[in-house]
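Everything in the sequence shown is counted per the working numbering, starting at 971 for the first residue and increasing by one. Working notes, beginning with the structure itself.
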Amino acid sequence: MTRKRIIGWIFGTIAVLIIVVVLGAYFVLSSDTFHRYLITQIEEHAKEASGGQVSIQKLHIHWSNLSADIYGIAMHGTENDPNHPLLSVDKLTLNLKIVSLIHHRIDLNEIIIQHPVVHLISYSNGQSNIPQPKVPKKQSKPVNVFDLGIKHVLLVTGEMRYNQEKTPLAAELHDLRTEVKYNSATSRYEGSMSYRGGQANSS
């Protein structure tokens, strides 16, 4: 898996969380109890979509500027060490934009991903610690995991550890479009990532 694909995979995993947060934002109340309920829903939907075990420490929603902060995100794949998850993110900030109240349309204007860390392991049998979504083995067509567009993406102070080799990650992209599908017949992810401008660094 190339470093560019790793960055794309990070955005893809984050996108799964974003989709659930945006849908839940219509019904969010200010109480801590409901925030905990929403976190549980995000974790469950992210697990169903990705196949990995997802946990979130806390969630803050700011109605004044239509934004949300998600802290302490961790996704565990098939690795054995619970202290080094496949993906961890210190803080994820989402900024939304109301496009049409009549048509109930809200766009994702910006995401800021602070200190994402990827622990990617390649085993001797050719497998990795990236999980597989739970889809029927006889599914004839690839299952759509997510399809998301974002106006502005900022990834700061990230790092990727591939079999213990550490590589810094950083990116700033505009008009990002990501699409990922899972093919159960081949047990492989298929996807694409495009953006209008910006840069992604992995060195």
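By construction, the Cβ of each residue, glycine as well, lies at the ideal position given by its N, Cα and C atoms.
DSSP state of residue i mapped onto helix, strand, coil
| i | result |
| --- | --- |
| residue 1093 | coil |
| residue 1054 | coil |
| residue 983 | helix |
| residue 1012 | helix |
| residue 1018 | helix |
Per-residue burial, residue i [other beta carbons within 10 Å of its own, 16 or more giving buried]
| i | result |
| --- | --- |
| residue 1148 | buried |
| residue 1133 | exposed |
| residue 1047 | buried |
| residue 1096 | exposed |
| residue 1086 | buried |
Option in the options with minimal Cα separation from residue i
| i | options | result |
| --- | --- | --- |
| residue 1010 | 1142, 1061, 1029 | 1029 |
| residue 1119 | 1055, 1160, 1066, 1022 | 1066 |
| residue 1084 | 1164, 1100, 1064, 1092 | 1064 |
| residue 1049 | 1043, 1014, 1057 | 1057 |
Start-to-end residues for the beta strand (DSSP E) that takes in residue i
| i | result |
| --- | --- |
| residue 1162 | 1158-1164 |
| residue 1169 | 1167-1171 |
| residue 1133 | From DSSP, residue 1133 is part of no beta strand (DSSP E); its letter is neither H nor E. |
| residue 1023 | 1023-1025 |
| residue 1047 | That residue, residue 1047, is in no beta strand (DSSP E); it is neither H nor E in DSSP. |
Cβ neighbours of residue i in the same chain (closer than 8 angstroms, five flanking residues each side left out)
| i | result |
| --- | --- |
| residue 1073 | Note that residue 1073 scores a pLDDT of 47, beneath 50, so its modelled location is shaky and nothing firm can be said. |
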